[in-house]
Every structure is written in structure tokens, then in C-alpha cells.
Amino acid sequence: MMAQFEYSTLAHPQDIQQMKYILEQCFISALGGEEAYINLIGVENFRIIRGFEQLIGGLATLDMAQWWGGVRVPMTGIAVVGISPEYRGSGAAIALMEHTLKELYARGVAISALYPAVQSLYRKVGYEQSGSWCIWEVATRNIQVREQPLSLEPVANINHEVFHELYQQQARLTQGYLDRHPGIWQRIIQPDEKETVYAYFIGPKDQPQGYIIFTQERTEDGEVLWVKDWVLRTVAAAQTFWSFLANHRFQIHQVRWKSSATDSLTLLLPEQTAKIWRESRWLLRIVDVVKALEARGYPSGIQAELHLEIQDNLLTENNGKFILSVANGRGEVTRGGKGELQLNIRELAPLYTSLFTPYHLQQAGKLDGTETAILAATQIFAGASPWMPDFF
């Protein structure tokens, strides 16, 4: 199939114009929106596919990283995968993804993540559900947190760099958080033509304990305060966060924020009035088995050995038996071993991220293993449910 198509970078002006046209049609965006996005991400980070004697699709690659077990793992995000509608079903999308993954492997990228419009396409090339993206909602009248132990300092002339250190402190402790691409940061602080972005440090400006970045919107169902990004490093910061939002109750009906599927912030509310308003799962692909397993962190205090047997029909270098030895929070991989835990590269992803336990994956028929291997994998990949606040 791949031989029918030609894969390359995006460079020529006429190709850039064609790519804008395809993406505008695929993502139903306003005229000019895709041009701004291409400029934000950078033309050099786009990949295109040609077939039938013309450019018929493309995607964006976002080189960044994800935090796993307190360690930064190099990751490439895949975004805006678009194929011109008259060529959908031709195999172009599969060819585009296969070429991209082969390139990522050659570049030494450990893992790749994306948000799927349809899962079946990406599952065919080895991606699987691996973490949550959730938007929570609560009525301001139900927050009922009045104590505000910290001051709030407005941030004038918002520049995302002032938030980086606080963000990284929270990201390091959260399974699945991004070490963000600059383009993602820019989209957080950059308002569109209909909104204003507000930002506050929580606590003294010279030593803040968190921050909140938000917009406000008037809808048919009432006024909504959208928390675009937040970091809360202390209990006092969390209490101040809720008190600040509760103080909007006479102007704002609902507050929406992004958090995990089991949000500990809601423990500060008096009743279970906060609900998940929207939820989806992002997908992850183990691009390089050895690099991915050795790059992430593991629970400290355990010493274990796991004998894996992996099948990868696309990146054949990942095929075979591997021994993962874990000690002092880090892992070392050698080839060989008994192959006591057998699984496809696709099913390795939710095990790697701790979205599902080995027992649950076995129940779903996604892996097979001895009792000893299942126990070892459970210890090694134990962790909090993975999530990220960023959509790309």
C-alpha cells in the first residue's frame, strides 16, 4: 500500500496552500484558521502524502515529552491528520501514519500520542487508549468554599513563560502530563477574537503556590467560566482556587475545568455536585520498546523482573522477547528471556501508562501471561490514572 503514495515534508508554497485547503475542509475551520495553525506549529513540522498525482493529505508532528513515573519521556504528538474527502478510503491515511511512525523510530522517539477522530485507523498502526481527557462542571452556587488563605495577583501582559516553573512542578507528579510544545502554550494564553484571557498567580507574586488562567463566555444556558489551565501546589492554593471561583456566583452560572477522571480537587467541595461534562481518551503508541521502557520512571522501593514477548507488525525492530529489570525507580531492558507476558505493541500502551492493570487487560483478552508475570507487571506499572489537560 505504501508504495502507491509518496511521503515528504511540507515546503513548497503551492503545497502549503493545498494543505490549508484540505485542513479547513477536514476540520470545518474558519478561513485563515489553518494558516495561523500552520504558522504556529511551523511548516517544517508537517508531513504530507501524495497520491493520484497530487497532494491529498497530511499531519502535524509536535516534538515534546510526557511525564511518566516522575521522568520526562520524549514524545511526538500527532495532530490534524487530514485526508481530502475524495481520497478517503484509498489507504492514504494508513500510509501517512505508517511513514510517520517509521520516521519517528529512525529519529529515536520513544512514544507517540494523539487524539483520534476515529480509533480504528490508529489502532491499525499500533495506538491504543492510554489516558483520559475530561472537562468537569459545577454550578458556582454549589462550590460553597469561602475560606481564602492566599492572595490572588493578576498577571498583566500574559506571557506563558512565567508559568513554566509552576507547571513543571505539577507535571512531574502527574502521570501523562506534557512537557508542552510552545504552540500548545501559545494556544492557552492567546485569546480568539471573541474572548479575553485572564490570569492570576495564587499566593505572593515572588513565591506563588499556583495559578489560574481562564476566560468567560455567555451561552444560551447562562454564563460559563472556562478554566483554561491551572496549577495548585498546596492545600491553601486549592482552597483559594475554589473560593475565587465561588466569588463569581452572582455573575457566572457554571465553572468548567480540565482534570482527571477521578478529580481530587472535588474533595474540597461540600457535596458531590461536580460532574464530568465531557470525556474522551487519548491514544498512545510505543514507538521504540527499549527506549520507552528504559526512559520512564517506576515505583521506588520495588525490585522486579518482567519477561515480555512483543509483536509489532509495523516496526519490526520491536518484535521479540525482552527482559525488563526494575530497581531504584528505573528500568533496564535486555533482549531475550522467557516471554512470560505476551502482548501486541498496541496493548503495551495502556499497560505502560497504567490506564489498565494487567488483570483488566487479561480480562479483555488483550494479553496473556503466567501468574508470576501478571504479578510482576502489576507491581512495575502501578500508578495513578493517567490524564492530561491539553488537547492537540
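In my numbering, the protein residues as written are 8 to 399. The beta-carbon is built from N, C-alpha and C at its ideal position, and this holds for glycine as well.
According to DSSP, is Leu275 helix, strand or coil? In the three-state DSSP reduction, Leu275 falls in the helix class (H, G or I).
So, helix, strand or coil for Asp22, using DSSP? Of the three classes helix, strand and coil, the one that applies to Asp22 here is helix, per DSSP.
Can you give me the C-alpha to C-alpha distance between Phe257 and Glu230, rounded to a whole angstrom? Cα-Cα distance, rounded: 10 angstroms.
Please go through the stretch 49-105 and give each complete beta strand (DSSP E) segment of 3 or more residues, from N-terminal end onward. Segments of the beta strand (DSSP E) lying fully in the stretch 49-105: 53-58, 61-75 and 78-90.
Compute the distance between the beta-carbons of Gly84 and Phe363, then report whether it is under 9 angstroms. By the CB criterion at 9 angstroms, Gly84 and Phe363 fall outside the cutoff.
Give a yes or no on whether the C-beta atoms belonging to Phe248 and Leu232 are separated by under 9 angstroms. Result no, Cβ atoms of Phe248 and Leu232 do not sit closer than 9 angstroms.
Other residues of its chain near Val340: CB distance less than 6 angstroms, five sequence neighbours each side excluded: The beta carbon of Val340 sits closer than 6 angstroms to those of Val297, Leu300, Glu301, Phe329 and Leu331, all from its chain and outside the five residues before and after it, given in chain order.
Between which two residues does the beta strand (DSSP E) holding Val145 run? Element bounds for Val145: Glu135 to Ala146.
What does the alpha-carbon distance come out to for the pair Ser119 and Glu154? Each residue's alpha carbon lies about 42 angstroms from the other.
Evaluate Val4 with the Cβ neighbour count: other Cβ atoms within 10 Å of its Cβ, from every protein chain shown; 16 or more gives buried, anything less gives exposed. Outside the displayed span of the chain (8 to 399) sits residue 4, for which this structure offers no information.
From Gly49 to Val262, what distance separates their C-alpha atoms? Taking the straight line joining both Cα atoms gives about 34 angstroms.
Grouping DSSP H, G and I as helix and E and B as strand, with all else coil, what is Ala117? Coil, per DSSP.
Residue-level contact to chain C via CB, Tyr94, 9 angstroms cutoff: Among the protein chains of the structure shown there is no chain C, as only one such chain exists.
Hey, could you find the ends of the beta strand (DSSP E) Glu224 is sitting in? Residues Gly217 to Thr226.
In terms of alpha-carbon separation, which member of Thr377, Ala268 and Gly133 lies closest to Asp1? Outside the shown range of the chain, which is 8 to 399, sits residue 1, and nothing can be said about it.
Considering only the alpha carbon of each residue, which of Ala389, Gly338, Lys345 and Gly336 lies closest to Pro357? Closest by C-alpha distance to Pro357, out of Ala389, Gly338, Lys345 and Gly336, is Ala389.
Within 10 angstroms of its Cβ, does Arg288 collect 16 or more other Cβ (buried), or is it exposed? Within a 10 Å sphere around the beta-carbon of Arg288 sit 16 or more other beta-carbons, which makes this residue buried.
Report the rounded CA-to-CA distance for Cys33 versus Gln25, giving the unit in angstroms. Taken atom to atom, the span from the alpha-carbon of Cys33 to that of Gln25 is near 12 angstroms.
Counting along the chain, where does the alpha helix (DSSP H) carrying Glu365 start and finish? Position check: residue 365 holds Pro in this sequence, whereas Glu was assumed. Taken as a continuous stretch (DSSP letters only), the alpha helix (DSSP H) holding Pro365 covers Pro365 to Gln370.
For my contact list, Leu321 and Leu108 are in at a C-beta cut-off of 8 angstroms; report their separation, rounded to the angstrom. Leu321 to Leu108, Cβ: 6 angstroms. Contact.
Sub-9 angstroms separation of Leu290 and Tyr122 beta-carbons: It is a contact, given that the beta carbons lie within the stated cut-off.
Quick check on DSSP: helix, strand or coil for Phe257? Looking at Phe257 - three-state DSSP - the assignment turns out to be coil, as it is neither helix nor strand.
Tell me whether the beta-carbon of Tyr359 lies closer than 9 angstroms to the beta-carbon of Ile317. One thing to note: Tyr359 has its Cβ no nearer than 9 angstroms to the Cβ of Ile317.
Can you tell which of Thr241, Gly58, Thr181 and Thr68 has its C-alpha closest to the C-alpha of Arg79? The candidate whose alpha carbon is nearest that of Arg79 is Thr181.
So, at 8 angstroms on beta carbons, what are the nonlocal neighbours of Val162 in its own chain, with the 5 sequence-adjacent residues on each side left out? Only Val169, Ala206, Tyr207, Phe208 and Tyr218 meet the Cβ criterion.
Keeping to the same chain, check which residues put their C-beta closer than 7 angstroms to that of Ala326; ignore five residues upstream and five downstream. In the sequence under discussion, the amino acid at residue 326 is Asn, which differs from the Ala named in the question. Cβ neighbours of Asn326 beyond the five flanking positions: Ile317, Gln318 and Asp319.
Who are the near neighbours of Ile150 in its chain, counting only those whose CB is closer than 7 angstroms to its CB and skipping five residues on each side? Result list for Ile150: Trp249, Leu252, Ala253 and Leu276, in chain order.
Coil, strand or helix - Lys373 by DSSP: If DSSP states are grouped into helix, strand and coil, Lys373 belongs with coil.
Hey, how far is the Cα of Gln223 from the Cα of Ile45? Across the structure, Gln223 and Ile45 are spaced so that their CA atoms are roughly 27 angstroms apart.
Quick one, which of Glu60, Leu382, Arg57 and Leu69 has its alpha-carbon nearest Pro189's? Nearest C-alpha to Pro189 among Glu60, Leu382, Arg57 and Leu69: Leu69.
Euclidean distance between Cα positions of Glu202 and Ile142: The straight-line gap from Cα to Cα measures roughly 19 angstroms.
Per DSSP, what kind of secondary structure is Gly40 in: helix, strand or coil? DSSP, reduced to helix, strand and coil, places Gly40 within a helical segment of the structure shown.
For the beta strand (DSSP E) that contains Val234, what are its first and last residues? Residues Gly229 to Leu239.
Distance, Ile283 Cα to Ser7 Cα: Shown here, the chain extends from 8 to 399; a query on residue 7 therefore has no answer.
Give me, in chain order, the residues of the same chain whose beta-carbon lies closer than 6 angstroms to that of Leu30; leave out the 5 immediate sequence neighbours on both sides. Hits under 6 angstroms: Glu41, Val87 and Gly89.
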